[in-house]
Structures are given as C-alpha cells and as structure tokens.
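When the letters of the sequence shown are read in order and numbered with this note's numbering, they come out as residues 1 to 149.
Below: the structure, in structure tokens.
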Amino acid sequence: PPRSTQSRSSAASDVYKRQTLETWHSSQLIILRSRFLENASKGNRDALDFNGFLKMFAEMDSLPADVNRKIFDFFDEGNNGLIYFKEFCHGLGVFCTRNKSIQADIFIALFDQDSDGHLTKKDLKRIQSVFPRGVKPVSYTNLTLPTIY
Numbered sequence: 001p002p003r004s005t006q007s008r009s010s011a012a013s014d015v016y017k018r019q020t021l022e023t024w025h026s027s028q029l030i031i032l033r034s035r036f037l038e039n040a041s042k043g044n045r046d047a048l049d050f051n052g053f054l055k056m057f058a059e060m061d062s063l064p065a066d067v068n069r070k071i072f073d074f075f076d077e078g079n080n081g082l083i084y085f086k087e088f089c090h091g092l093g094v095f096c097t098r099n100k101s102i103q104a105d106i107f108i109a110l111f112d113q114d115s116d117g118h119l120t121k122k123d124l125k126r127i128q129s130v131f132p133r134g135v136k137p138v139s140y141t142n143l144t145l146p147t148i149y
C-alpha cells in the first residue's frame with residue numbers, strides 16, 4: 001500500500017533523517033535503545049513490530065487505529081512490517097522537528113482520510129474528537145514528544 005505520510009514532506013524529511021543520528025546525544029540514544037529492545041518483537045529482537053511500536057508510546061492508545069498505522073508505516077522505511085533502531089531514530093527525528101512546515105505536513109498526512117493532501121470538515125471534526133483539549137509537548141526520556149490529553 002502507498003505510504004501517504006511521506007507524500008508531502010518526503011524530501012524535507014529525508015534531510016532530517018540523514019541528520020538524526022548525528023544530532024541525538026549519546027545518553028538519549030542509550031535510553032532509546034534500551035526502551036526499543038524492551039519492546040522489540042519476539043520473532044526479531046532487533047526490530048519493533050506494530051504492537052511493540054505502540055507499547056513505546058502509550059499516548060497513541062487514544063489515536064484512531066488508521067492513524068497509528070500511518071505513524072508505524074512512516075517509521076517503517078523498509079516497508080517490511082518491522083522498524084529497526086536506525087529507522088526508529090530517523091522517524092523520531094522527523095516527528096520531533098521544530099520545523100513547523102514539516103510538522104503541518106505530517107499532521108495533515110496522518111488525519112487526511114482520503115489522502116488528497118487537504119483536511120476536510122470531516123477530518124477536522126475527527127481531529128477535534130481525538131484532541132478535545134489540544135496537544136502539548138511533554139518530556140519523554142529527555143526528548144520532547146507530543147502528548148495527548
């Protein structure tokens with residue numbers, strides 16, 4: 001299946017992916033690697049399957065299943081149903097960017113149900129139901145990631 005989360009911000013996200021491992025502090029990588037291995041798939045201890053990925057981010061429980069799948073597919077660069085640690089770091093680098101344009105592209109791609117690159121009233125109502133009080137940043141193992149409340 002096509003990977004719609006990469007449609008609008010692909011070129012920009014590739015730049016961030018290349019820079020990601022260089023910008024993570026070594027202590028952050030150690031924490032990430034430890035958490036990653038705790039949640040790795042039973043069949044492949046070097047990778048996260050979909051369920052392991054969801055365990056990494058408890059906040060994702062409140063997201064619609066299709067949005068969770070789009071996020072997983074974004075991280076799964078090999079499109080093989082597994083996320084390896086390097087892919088995981090790349091994906092976090094893109095999702096944690098401070099670049100507002102890339103953030104907007106990702107958000108639109110995640111909630112654009114018909115994948116036309118635009119949010120409809122139906123999409124906006126869905127977003128409002130998922131985030132009734134908004135989204136705010138929260139520290140997660142010394143990283144800033146969004147939390148849903």
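Just so it is clear, CB atoms sit at the ideal spot from N, CA and C, and this is done for glycine as well.
Here the structure is a predicted model, which is why all the values come from computation and not from measurement.
Counting every other CB atom within 10 Å of its CB across the protein chains shown gives GLY91 a total of 16 or more, marking it as buried.
The beta-carbon distance between LEU110 and ILE71, rounded to whole angstroms, is 7 Å. This is short enough to meet the 8 Å contact definition. GLY117 counts as exposed, since fewer than 16 other C-beta atoms from the protein chains shown sit within 10 angstroms of its C-beta.
For the options ARG45, ASP66, PHE36, the alpha carbon positioned closest to that of PHE57 is the one of PHE36. Setting aside the 5 residues that flank it on each side, ARG69 has no residue in the same chain whose C-beta is closer than 7 Å to its C-beta. The continuous alpha helix (DSSP H) containing GLY91 extends over residues 85-95. Assignment of ALA40 by DSSP, reduced to helix, strand and coil, places it in the coil class.
Of the residues assessed, GLU38 falls on the exposed side of the cut-off, its CB having fewer than 16 other CB atoms within 10 angstroms.
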